[in-house]
Amino acid sequence: MDKKSAFIKHLTQHDQVELDDIEDGYFKKAESRGLPTEKEILELLKEQGVWSDQDEEDIEDTKLYLQTLNEAKRTIILKSQIDAQNELISKTEKELEEKLLDRYKVLGNTAEKYAKEKTNDHYIIRAFFHDDKFENAIFTEKDFWEMDDRHLQKAIKIYNSYYSMFSEENIRHLCLQDFFYSYFPFAESPVDFFGRSIVELTYNQLRLIVYTKIFKNIFERNENIPVHLRKDPDALLDYGNISDAAKEKIKEKMDVDGATSFVGATQEDLDYLSLREKKEGDSVRTVSLADEAKKKGGSLNMDDLMRLQGMDVGD
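Numbering (our numbering), first residue to last: 490 to 804.
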């Protein structure tokens with residue numbers, strides 16, 4: 490690889506199925522050689538007092554809480570509140586990562602870890618080829634595992650550098666570039682989009698077509714999307730995720746008398762909503778979250794916020 494060109498293959502669904510089988514094979518091999526499973530290690534750690542059922546419950550509770558936060562975000566309308574929710578989601582994701590890292594550290598070597606690490610080697614083995622038809626692989630398993638550390642690290646660096654260009658974030662940004670909008674009409678048909686059926690697509694191609702369809706749908710369902718959101722995939726996804734029921738509730742309130750009440754709304758929030766063009770004589774009344782919290786004893790829960798937005802959440 491020092492002086493020759495290499496072609497890097499994008500993995501397909503078929504490749505992934507084979508890699509899953511390889512991982513399963515390594516797992517069974519590790520088990521047959523006496524390497525303990527995660528379940529067995531956890532039971533031992535609990536007996537030693539290093540880990541506990543409560544630690545496991547904390548992880549599951551955090552996952553459930555994270556899911557609840559994401560679901561609740563769909564009921565939030567104001568940008569400032571969405572931003573606050575995103576901060577809470579990021580904080581919870583970090584907490585979950587830390588809990589999972591603690592778990593990973595105490596587990597040590599397990600059959601699952603062995604299988605995963607050995608399978609990761611196969612991702613690189615299956616990625617590098619001498620030709621653009623992907624018929625002549627650069628590495629055999631034997632070559633790869635006998636490679637000296639310098640060449641191994643170089644192969645891994647090239648692999649990681651190349652695939653980082655096709656990150657989820659980069660693919661989403663690509664979908665929102667001006668030149669790409671002309672491809673939106675073809676998003677419903679993989680054959681029209683790529684000239685091949687969906688089962689032949691690589692994972693990167695699948696992600697591209699999925700996000701193209703998502704953003705196309707958001708643009709079609711929302712007429713007055715603020716200009717500054719149109720090139721920001723995360724913000725656009727948040728905007729598109731506001732539930733239709735929540736939008737309709739605001740529209741109904743605005744259509745009654747040309748005025749409505751927004752909890753803690755700033756001018757940026759009002760621009761963000763863009764539910765319809767403001768008519769002459771319309772007025773918007775903002776409500777201070779701090780004032781409302783005082784009425785409720787100092788704090789507002791999610792139901793309180795939804796009620797103040799005019800949503801029916803029951804008693």
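Glycine residues also receive a C-beta, built at the ideal position from the N, C-alpha and C atoms.
With fewer than 16 other Cβ atoms from the protein chains shown falling within 10 Å of its own Cβ, residue 634 counts as exposed. Here residue 495 carries a coil assignment [DSSP, helix/strand/coil]. Taking C-beta separations shorter than 6 Å and ignoring five residues to either side along the sequence, the partners of residue 548 in its chain run 588, following chain order. Contact check for residue 693 and residue 655: beta-carbon distance about 5 Å, within the 8 Å limit, so the pair qualifies.
Excluding sequence positions up to five before and after residue 731, its CB lies within less than 7 Å of the CB of 563, 566, all in the same chain and listed in chain order. Residue pairing from DSSP leaves residue 557 without any beta-bridge partner. Within the DSSP secondary-structure output, residue 626 pairs in a beta bridge with 618.
With fewer than 16 other beta carbons inside 10 angstroms of its own, residue 674 counts as exposed. Residue 582 counts as exposed, since fewer than 16 other beta carbons sit within 10 angstroms of its beta carbon. Residue pairing for residue 691: DSSP places it in a beta bridge opposite 501.
Within the stretch 541-616, the runs of alpha helix (DSSP H) that reach at least 4 residues and sit entirely inside it are, in chain order, 542-562, 568-596, 600-614. Three or more beta-carbon pairs separated by less than 8 Å link the stretch 490-505 to the stretch 618-636, which places the two stretches in contact.
By the criterion of at least three beta-carbon pairs nearer than 8 Å, the stretch 570-581 is not in contact with the stretch 608-616. By the 16-neighbour rule on beta-carbons within 10 angstroms, residue 645 is exposed. Residue state for residue 678 is assigned as coil, using DSSP reduced to three classes. When the Cα atoms are used, residue 711 and residue 703 turn out to be separated by approximately 12 Å.
In chain order, 535 place their CB closer than 7 Å to the CB of residue 541, counting only its own chain and leaving out the 5 sequence neighbours on each side.
Taking every protein chain shown into account, the CB of residue 701 has 16 or more other CB atoms within 10 angstroms, so this residue is buried. Taking every protein chain shown into account, the CB of residue 570 has 16 or more other CB atoms within 10 angstroms, so this residue is buried. Taking each of 708, 679, 661 in turn and checking the Cα distance to residue 722, the smallest one comes out for 661. Where residue 652 is concerned, the enclosing alpha helix (DSSP H) starts and stops at 638-653. It is roughly 10 Å from the alpha-carbon of residue 512 to the alpha-carbon of residue 518. For residue 537, the enclosing alpha helix (DSSP H) covers residues 527-537. Between residue 552 and residue 559, the alpha-carbon positions lie close to 11 Å from each other.
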